[in-house]
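Here numbering that gives the first Met the number 0 is used: the first residue of the sequence shown is 0, the next is one more, and so on.
C-beta atoms are modelled at their ideal positions from N, C-alpha and C, and glycine is treated no differently.
Model, not experiment: these values are computed from the prediction.
Structure, as structure tokens:
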Amino acid sequence: MRRKNLALSTPTARCHTNMVTGCANVKNKGKCRSTKAAQLRRRRTLRYLETVRSTANSILGGQNMRYGYYLPTRGPLSEPDAIGEMVGQGELMGFATIVIADHIVFPTKVESPYPYTVDGGFPGQGDALEQLSLMSFVAALTTTSRLVTSVMILPHRNPVMTAKMLATIDVLSKGRVTVGVGVGWLREEFEALHAADFDKRGPVSNEYLEIFKKCWTEDPVSFEGEFYSFQELRCAPHPVQKPHPPIWIGGHSRPALRRAAKYADGWHPVGATAASPLPPPEFEKLMDELKAMTEAEGRSFDELFISLKAPSYDPGVTPTGHDRLPFSGEPGQVVEDIKAYEALGVEEVIFDFRARDYGETMARMDHFMTKVVPQVD
């Protein structure tokens with residue numbers, strides 16, 4: 000079993016969006032009236048603190064498995080106050096990682112198939128907060144959470160500008176950025192943004208990764224490539240993390256595995272969907288393939304961090320129409336799934352707890368941390 004000695008970030012009792020005082024009105028800076036709702040919120044927060052403290056040894060101490068969650072980027076859950084409370088509560092509960100998705104625009108007519116649904120249809124409506132702007136906002140509201148682009152579509156943005164923005168967020172967050180990247184699937188979005196040629200997005204992405212690393216480690220920096228070139232630029236300040244923020248590659252196609260083997264510090268695939276379930280036997284084969292590719296690049300496979308995304312979490316619900324998906328069903332079933340993937344080398348699982356409203360979303364997060372995680376160890 001692959002295992003590195005990785006400790007969870009310990010949550011700190013800090014006021015996020017004046018959460019501990021019960022005030023969700025940032026403009027009033029904690030001076031809101033002590034309403035019954037505010038008092039209930041404060042008591043709930045204190046209960047979370049007590050739970051985290053009393054179960055620290057079982058949840059955090061002695062366990063290498065980390066847990067994270069998707070941050071909503073659209074709808075009521077993406078309102079500033081809701082985001083502030085969610086990321087604050089998330090840290091208090093013990094979640095280590097926040098992941099943020101990426102879409103800049105979404106054409107009204109789309110023929111490109113989405114790879115993570117059976118029918119190829121995209122489940123969203125296309126509205127989304129911009130990824131790096133949101134990450135910067137969340138960095139200011141958190142103290143321990145690792146902030147992950149999950150994933151950034153590399154060819155959509157200017158590589159030098161993007162390298163500078165990521166370095167800036169890493170500085171402002173005191174070294175908490177992880178750069179999860181992918182090559183994209185939506186041809187129409189590429190065309191709308193006048194981005195790189197969609198059919199060359201793989202080699203373009205590889206080149207952009209090389210640019211990122213140079214901009215983060217060299218001063219001055221020059222680059223001569225097929226798609227992008229520049230000479231003698233200063234791109235400081237460099238990131239806090241050395242030599243640079245971790246780079247994770249999303250996806251599990253052969254090109255994605257080759258990209259991870261050559262360029263990445265981690266692999267960040269999506270599983271547990273009907274279109275892409277990646278059950279343990281299939282996942283093990285992919286891990287073996289990635290290991291062989293990584294070693295062929297002259298790199299140590301053990302240095303890759305493995306973070307698996309499970310796009311839904313709905314306690315007690317087993318999807319109908321197919322076999323049970325990993326991480327679905329009752330707490331005991333989810334526990335066994337986590338253990339199975341951990342035995343294969345997975346070091347982190349990311350869940351999508353988003354529900355119809357804030358209360359239900361937080362209830363799912365609480366359910367996972369109190370009913371599932373203590374049983375994993």
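Count the other CB atoms, across all protein chains shown, that sit within 10 Å of the CB of residue i; report buried if there are 16 or more and exposed otherwise.
i    : result
H251 : buried
Q124 : exposed
P71  : buried
M92  : buried
M364 : buried
R355 : exposed
A425 : Residue 425 is absent from the structure shown; the chain starts at 0 and stops at 376.
S204 : buried
S275 : buried
H193 : exposed
G120 : exposed
M160 : exposed
G83  : buried
P158 : buried
E188 : buried
V117 : exposed
E377 : With the chain represented from 0 up to 376, any question about residue 377 goes unanswered, as that position is not in the structure.
S53  : A caution first: S53 carries a pLDDT of 45, below 50, which makes its placement in the model unreliable, though a value can still be read off. S53 should be labelled exposed.
P325 : buried
R353 : buried
For residue i, which of helix, strand or coil comes out of DSSP?
i    : result
I210 : helix
V109 : coil
Q130 : helix
W215 : helix
G249 : strand
F151 : According to the sequence shown, residue 151 is Met rather than Phe. Reduced to three states, the DSSP call for M151 is strand.
V372 : helix
R52  : Its pLDDT being 41, under 50, R52 is placed unreliably by the model, and the measurement read from it follows with that caveat. R52: helix per DSSP, three-state reduction.
F300 : helix
L140 : helix
G60  : For G60, the pLDDT reaches just 43, beneath the cut-off of 50, and the residue's location in the model is therefore unreliable, although a value from the coordinates is still provided. Coil, per DSSP.
I103 : coil
V19  : Below a pLDDT of 50, predicted positions are generally treated as unreliable, and V19, at 35, falls in that range; the measurement from the model is reported next regardless. The answer is coil: DSSP assigns V19 none of H, G, I, E or B.
K261 : helix
H366 : helix
Y69  : strand
T161 : helix
Report the residue from the options whose alpha carbon sits nearest the alpha carbon of residue i.
i    : options                : result
L343 : G87, K284, G174, E209  : K284
V269 : P280, K308, V104       : K308
L140 : G89, K370, R258, E209  : G89
L256 : A271, K173, D287       : D287
T148 : P245, N157, R186       : P245
R258 : Y207, E225, V220, L232 : Y207
D351 : T272, K338, R323       : T272
P112 : P154, A339, G224, R186 : R186
Under the assumption that residue i contacts residue j (Cβ atoms under 8 Å), give the Cβ distance between them as a whole number of angstroms.
i    : j    : result
V86  : S144 : 7 Å
I305 : G67  : That belief does not hold up - the Cβ atoms of I305 and G67 are roughly 13 Å apart, past 8 Å.
F300 : K290 : 4 Å
T293 : L277 : T293 to L277, Cβ: 19 Å. No contact.
W215 : A162 : 6 Å
E209 : A260 : Incorrect: roughly 15 Å between the Cβ atoms, too far for contact.
L232 : P219 : 6 Å
V178 : M134 : Actually they do not touch by this definition, with Cβ atoms about 10 Å apart.
F211 : F222 : With 8 Å as the limit, F211 and F222 do not qualify as a contact, their Cβ atoms being about 10 Å apart.
Would you call the region 198–211 and the region 170–188 touching, i.e. three or more CB-CB distances under 8 Å? yes
Closer than 8 Å is the cut-off here; do at least three beta carbon pairs connect the region 160–171 with the region 71–85? Contact between the region 160–171 and the region 71–85 is absent: fewer than three C-beta pairs spanning the two stretches fall below 8 Å.
Would you be able to state if there are at least three C-beta pairs under 8 Å between the region 115–130 and the region 190–197? no
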